[in-house]
Amino acid sequence: MLKFIRGKGQQPSVERQKIQKDLFAFRRTLQYGFPNKPTALSWDPLLRIMAIGTSTGSIKVLGKTGVEFYGHLPCSDHAITKIIFVPNQGRLVSLSDDNSLHYWEINDMAIDEVQSYLLEGKLKQISAMCLESSCENLLLGTEGGNIFFIDLSTFELSDNIIYQDVVMQKVSDEYKKNPGAVEVISEQPGNPNHILIAYSRGLIVLWDRLNAVAVKTFVSSQQVESVCWEENGENFYSSHNDGSVTLWKINETSDENENTKTIYGPFPCKPISKVICQQSAQDLNEKFLIFSGGMPRACYGDRHAVTVRLGTTKHVAFELTSKVIDFFTTTASVDEKGCSFLIILAEEEIVCIDLSTEDWPLVQLPYLVSIHASAITFTSFVSDLNEDLWNNIIAIGNLQNENNFSSNEWPVDGGESNIEDEQSRDLLITGHEDGSVKLWVANATPLLPIHVFKSSWVLVGDDADNHSSNSVAPEEDEEEWPPFRKVGNFDPYSDDPRLAIKKVILCPRTGTMIVAGTAGHVIVTKFNDQPSSNEIKAIQMNVVGESFIWKGHERLSLKQTGDEANNNNGKNMTCLTFKAGFQPSSVLQVYPPASITAVALHSNWSLVAAGTAHGLVLYDYYRQAPVLTKCTLNPNDLSTAGDTPISRRKSFKKSLRESFRRLRKGRNSTRIVNDKKGASITPDKKRENTGPISPMEARPVERAIEARPVDDALGSMVRCLSFTKTFIVTASHITPTMWAGTNNGSVYIFTISIPPSDKRKERRVTAQLGKEVQLKHRAPVIGITVIDAENRSVTEVQENSTPGKPLDICGPHKVIIASEEQFKIFSLPNLKPICKLKLTAAEGARVRRMSMAYFKTSDYAESCLLCLTNLGEVIVLSVPDLRRQIHAAVIRREDINGISSLAFTRYGEALYLHSSSELQRISVSATSVTQVDCSLNLPTRDRPSNSRSITPINGYTDDEQEDFPKVNGLTNGTQENGDSNSQLNNSNDLSVGDITIDSIKDHLGNSNTNLNVTSTSNNVDVNNHQKTVTKLELSSTTTTTVKTSNSTTVITNETITVDNT
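Note that the sequence shown covers residues 213 to 1273 in the working numbering.
See the structure below:
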């Protein structure tokens, strides 16, 4: 034991510290998916880029594929309610819900806030914004009815104010009433001195700014929602809260207007929030009238639609499943006139409609794809796919999208992407609540969907339509009014919750994919680049026996054709035709049909294993025959009702009772200790007074971990499964094995006998239980990995090997067993403990995910163990000594969905759900990093001297970082007075040499002189309040277009250096 304790205190050499610096560094890199809770949209027609603001204070600017810029409010998470681009300057102004204005610039690689202004007072609440055509001033309409001017050169209020009282004095006597807030301000085309002021209560004034007079007034009986000019500047449209649209003519002398139409009347309709009138790019004599809302309240009040009318010949209401935020129109190029495309931003997705094509089809999205179109239930990452398989998946994926989209390209094509063709062949796999599995290209900046597999192609519920997909659909009513057309993919509802995906495994070499779901089904699929008709057979394997009574949901049935519907064997066998892609070959049905909790695949052996809350099964999909079943329930659970093993109520009562017992026991033990304080020292305790114990020999304080009860109702759940060929019987012969870990700390090791390849069809595979390991505290087993003498995962080496060739595996082998509480390494085949790391006892954290990863430089490589804890921290451990290499706080500990969704890659990266619609990519490798590399062709300009760079690393602000747990003086991997995003751990000790972590924190908190940081301060007067703005300039060697400063702190015995990588 003394040797073990001293070993923990040994410090790494200088060479090892250099290797750590070259191998490990934590940084957030990219965000994939759709922005969470968007609130604002803007379009720059000259630079051809668009900006999206969110309710959390983030701004994302997007151009062509690979052009992305991020920004975030520096000191708050207030929602961004409006965004306006300053055309052709790479500048934009945003309005937040706290009534503050923010002036942003896109400076080569990032969005930087350069100025901000806060309007205080209820009457100064901004309700409308308009940018002058000269781009000199920003007009601000307020709730009080006044209009203020912001000088964009200084970003301060000018003395020029259009008071509501002055406007009302210039209006005729019959209109003199309180018009309400300023709803819209719009400059007249061709006449910048005239602005249209629309007040909420129906008064619209054409105001001459030069002479301060009302040129003409327009009065509506309904509240005004929006206003838009025609291109000639002689007419304009207004939309109202009763669903009506009115055409106003400037030169008309009559006060009465009969050009008001309620499109979907005569019954009451919902407000029209925005209206646009533009010429068609194909025929300038035809005009588009586009508006959002206006649906009849009684019948379609819950519909979200944008209506497009082309003259009197064409009329379509594009219906979305989420609320419409905003929309804009654009053309295919800058020089083109009119309107060719309509881009609609909804709450959960964005769609683009090609108005230049006859049928008005959708345009395929190159990014911002709603990954949460159906709720994500599983994520996995597959690296290094076989090149032929990769090319075939890409080709078949393109065929799936053929004829579904317009042939025209995505119109938002501004900026330049410098990303070269990637050589890596990486796939992100997502499983969804509706039973679909989606494959995404994850080796470049945008996350692109390339293939979709749906469980409903082969499985259906009992009450579902079992007929073939070739059956004729009922004809739609051609006279439907409004003329709805559904667009978009977001569908939050599932036809059958039993279809939800739980586990997916894809073999990167053979193209075999295993899809496991909630109803105990496991679908075996194989990629085929040609359409085929397959005979699908359902094999049921009973885990618990006939005496067990299952009271849960029923199993799903095979989809049947019309001829098989009356066949007695149709429930267990069917013949279906599939298009090219992943085609099912057989279905394994586990009984009871509980949710699949673990899956393992070995394509060389044609074996798949699946685990549930009741046990595990082993299935030979080559012969479509069962191999083994193992029930993990204890005899008491097995003899009672089927709902007992998963009864959370009884488990809760039992745990509560045991908690009170432990509490009473703890009080009693405390009382006993207090009574013995005055007792004499016994001979056994003489060693305590022999002298002070050195830090090297002192054992760290550990939390007391109590063993879980033997009869835990959830202890039978299978948590992990793994196939490997290793030394389990003797040290001289490797044997095919299957490893299984359960929720009560049991590890089952099965030996498998596989016939030779020439007799594989005739002879059956057999398996038997070889050994069993029971962990002391019965903590759930999270993962099991067998490694060879070079610390490589034996399973991955075997999966990537070619059948028939000898395996490149070096003995002896060791096995890493990770439970929720600790990591433990055993030798094989005798299962003798070698090393362990107590995570829960030392830090109070629990393991949630583990994986092996490769870290390499140009001349060195090593395998390490990746660990994710329930605190959202990622730890990299060396193998086999389990020493910490880097420790980073990645996810907030409160973000349960993010922690449960994280998926590691093979090369030290990871992806997790940053929100319900966004995936965040991170890296703990210094060399394996996926970054943005893009730019904008901006006009030359001088940046103001008092500007500041506040762009966070991929949308994360300092305030957000402070919410993360601090790890040894680091907050979320970011140094409190630096920009480091990771902590290199030289050992398991919290001190290195003569330098302690506390002294380093004090040093960094009091001085920045040792860091390569240039700090300049400027006093900025914002709204008569002095504040100091600090701009940090750090040297960087990265060639990324996202403004990041990912620093790695290396602690040595003499100096502290910050290396920006």
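C-beta atoms are modelled at their ideal positions from N, C-alpha and C, and glycine is treated no differently.
Do you know how far the Cα of residue j is from the Cα of residue i?
i, j, result
"Leu574", "Ser798", "36 angstroms"
"Val672", "Phe540", "41 angstroms"
"Ile318", "Ala822", "51 angstroms"
"Ile1276", "Arg1058", "Since the displayed the chain opens at 213 and closes at 1273, residue 1276 lies outside it and no answer follows."
"Arg697", "Arg260", "28 angstroms"
"Pro508", "Phe361", "39 angstroms"
"Gln795", "Lys650", "14 angstroms"
"Leu926", "Gln576", "46 angstroms"
"Leu788", "Phe962", "35 angstroms"
"Ser965", "Ser818", "13 angstroms"
"Asn410", "Asn372", "For the sequence presented, residue 410 should be read as Ala rather than Asn. Taking the straight line from one Cα to the other gives about 19 angstroms."
"Thr949", "Val985", "15 angstroms"
"Asn473", "Val699", "Here the sequence assigns Lys to residue 473, which means Asn is not the residue at that position. Answer to the nearest angstrom: the Cα atoms are 26 angstroms apart."
"Arg1105", "Thr1052", "15 angstroms"
"His733", "Met262", "44 angstroms"
"Glu561", "Val624", "16 angstroms"
"Leu718", "Thr824", "20 angstroms"
"Lys389", "Gln400", "25 angstroms"
"Gly245", "Ala426", "48 angstroms"
What is the residue span of the alpha helix (DSSP H) that residue i lies within?
i, result
"Ala607", "Glu599 to Gln612"
Given a cut-off of 9 angstroms on the beta-carbon distance, is the pair residue i and residue j in contact?
i, j, result
"Gly953", "Leu981", "no"
"Arg767", "Ala712", "no"
"Ile488", "Phe500", "yes"
"Asn956", "Arg990", "yes"
"Thr947", "Val998", "no"
"Gly505", "Ile484", "yes"
"Leu828", "Thr844", "yes"
"His516", "Ser492", "no"
"Leu350", "Leu313", "yes"
"Gly723", "Leu601", "yes"
"Val1136", "Glu1121", "yes"
Using three-state DSSP, classify residue i as helix, strand or coil.
i, result
"Gly673", "coil"
"Phe637", "According to the sequence as given, residue 637 is Arg; it is not Phe. Residue state, collapsed to three classes: coil."
"Arg1061", "strand"
"Asn1224", "Because Asn1224 sits at a pLDDT of 36, beneath the cut-off of 50, its placement in the model cannot be relied upon, and the following sentence gives the value as read from the coordinates. The answer is coil: DSSP assigns Asn1224 none of H, G, I, E or B."
"Thr354", "strand"
"Ala821", "strand"
"Arg228", "helix"
"Lys1048", "strand"
"Ser667", "helix"
"Ala806", "coil"
"Glu692", "coil"
"Leu192", "Examination of residue 192 is not possible in this model, given that the chain is present from 213 through 1273 alone."
"Ser1075", "strand"
"Lys249", "coil"
"Lys971", "helix"
Could you give the first and the last residue of the continuous beta strand (DSSP E) run that contains residue i?
i, result
"Lys1279", "This structure gives no information on residue 1279, because the portion of the chain shown stretches from 213 to 1273."
"Gly283", "Glu280 to His284"
"Gly265", "Ile261 to Thr266"
"Leu304", "Arg303 to Ser308"
"Met341", "Ile338 to Leu343"
"Gly793", "Gly793 to Tyr803"
"Gln243", "Phe236 to Gly245"
"Ala656", "Looking at the DSSP string, Ala656 is not in any beta strand (DSSP E), and its letter there is neither H nor E."
"Trp951", "Thr947 to Thr954"
"Cys564", "Ile562 to Asp566"
Contact criterion: CB-CB distance below 9 angstroms. Does residue i meet it with respect to chain C?
i, result
"Phe962", "No chain C is present in this structure, which holds just one protein chain."
Where in the segment 485-556 do unbroken runs of the beta strand (DSSP E), each at least 3 residues long, occur, reported from the N-terminal end onward?
499-505, 516-522, 526-532 and 536-542
Could you give the uninterrupted runs of the beta strand (DSSP E) lying entirely in the segment 701-772, keeping only those of 3 residues or more?
713-718, 724-729, 733-740 and 744-754
Where in the segment 1096-1132 do unbroken runs of the alpha helix (DSSP H), each at least 4 residues long, occur, reported from the N-terminal end onward?
1108-1113
May I have a chain-ordered list of the alpha helix (DSSP H) segments no shorter than 4 residues that lie completely inside the segment 361-428?
376-381
Segments of 3+ residues assigned as beta strand (DSSP E) that fall wholly inside the segment 975-1011:
978-986 and 993-999
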